[in-house]
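Residue numbers (my numbering): 2 to 381. We treat Cβ as the ideally placed atom computed from N, Cα and C, and that holds for glycine. A quick write-up on the structure given underneath.
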Ligand SMILES: Cc1cc2nc3c(=O)[nH]c(=O)nc-3n(C[C@H](O)[C@H](O)[C@H](O)COP(=O)(O)OP(=O)(O)OC[C@H]3O[C@@H](n4cnc5c(N)ncnc54)[C@H](O)[C@@H]3O)c2cc1C
């Protein structure tokens, strides 16, 4: 798919920013696992954190294709972790736009449009991962508030977030119909960051266990009707998946580029290793996989941006996430192979790309869950 001039110009602008601000620190973040707070202002200054906030609320109102492009370009600069900062608040914004009251939108969207406030989404629990309907976190009504108690696991940005969308069971209706969503201000007493998780990769972006202890939320902060929270979450997650797949495309590109440069320089048997057909075919296969993944991501984004039927959008969203999640594992592992023993060493970033890329097939719905969704859509 060829980009139009506006998307192409946006792509080049993000790539230039990422080359200046992301590439130089990507390795250091892997080693220190610190979040570079100054980058929030850089990203927000370009409208990147707040991409999804509509213009009527002061945001750039970017389409989903732009979001996918931004994430690919930041990841291609060498950091799949920081790629998550592009469109950082999109899931929260989409949940509000899809199901939030006018009052909630008026209160929070202009703040999110500033791009400097980090958000998170808290669904997963120790006993509820792929099947979030099993969640045990409970919200009970108390006068004009809801009081939430429970534990949330693996929450990306949890320790930095100013706002969170928290999912909790509000009644005993079985499965997902008893679940509601709340917009939580994390400065509220009862939001407790219990642990910083020590991840295999994607260092630089925090991941936390969050305890919810008698967390009091005003009743008007419920997103949508009581018992509709699950639907709001699923819709927002479906729409976010092609952007996660975009991170995989960018990460795979960085591994490909590094391996190609290495293979040009490295000689064995009296010739640059790039001349061996066994390696040339690897590059051909990697490039084909990357291109195929990107086309799936972009056609999914187009399906959302042009209002394609819901079943088509959901199918493409899961296909993009599934394919890109497996593609990035294949490409980063193959790139490592091309570097031989050097690929296994931390002197080169390829082992990091492999660790970072491994996450794509796990979070926001595992590859197995994406296969379940694709099968449901194509076997109707
Ligand atoms: C780094 C990271 C960041 C994350 N960020 C967030 C976040 O910000 N917010 C949040 O709420 N959550 C977050 N998560 C949680 C993530 O979404 C879950 O880890 C994921 O959905 C899987 O749940 P689980 O880990 O409990 O695995 P489980 O659900 O226990 O799955 C274990 C295995 O069983 C398979 N499986 C389960 N059910 C089925 C089925 N029906 N059919 C076939 N196979 C199945 C799975 O695919 C997997 O292979 C994050 C996770 C990680 C690792």
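{"query": "Heavy atom of ligand 1 less than 7 Å from the Cβ of residue 138, yes or no?", "result": "no"}
{"query": "Are residue 340 and residue 332 touching if we call contact CB-CB under 8 Å?", "result": "no"}
{"query": "Quick check: is any heavy atom of ligand 1 less than 7 Å from the C-beta of residue 181?", "result": "no"}
{"query": "Taking only heavy atoms of ligand 1 into account, decide whether any of them is closer than 7 Å to the Cβ of residue 48.", "result": "no"}
{"query": "Checking 8 Å against the spacing of the C-beta atoms, do residue 23 and residue 87 come in under that value?", "result": "no"}
{"query": "Quick one: give me the first and last residue of the alpha helix (DSSP H) that residue 279 is part of.", "result": "278 to 306"}
{"query": "Express the C-alpha separation of residue 153 and residue 159 in angstroms, rounding to a whole number.", "result": "10 Å"}
{"query": "Do residue 90 and ligand 1 come close, with the Cβ less than 7 Å from some heavy atom?", "result": "no"}
{"query": "Just checking my contact of residue 182 with residue 233 at CB under 8 Å: how many whole Å lie between their CB atoms?", "result": "5 Å"}
{"query": "Rounded to whole angstroms, what is the Cα-Cα separation between residue 264 and residue 328?", "result": "21 Å"}
{"query": "In terms of residues, what are the limits of the beta strand (DSSP E) holding residue 24?", "result": "No beta strand (DSSP E) contains residue 24, which DSSP labels as neither H nor E."}
{"query": "Could you confirm whether any beta carbon from chain C is found closer than 8 Å to the beta carbon of residue 185?", "result": "The structure shown contains no chain C, having only a single protein chain."}
{"query": "What are the boundary residues of the alpha helix (DSSP H) that includes residue 271?", "result": "Here residue 271 belongs to no alpha helix (DSSP H), and DSSP marks it neither H nor E."}
{"query": "Compare the C-alpha of residue 246 against each of 84, 13, 126 and name the closest.", "result": "84"}
{"query": "In chain order, what residues of the same chain have a beta carbon less than 7 Å from the beta carbon of residue 173, not counting five sequence neighbours either side?", "result": "179"}
{"query": "Applying the criterion that 16 or more other CB atoms from any shown protein chain within 10 Å of the CB defines a buried residue, is residue 198 buried or exposed?", "result": "exposed"}
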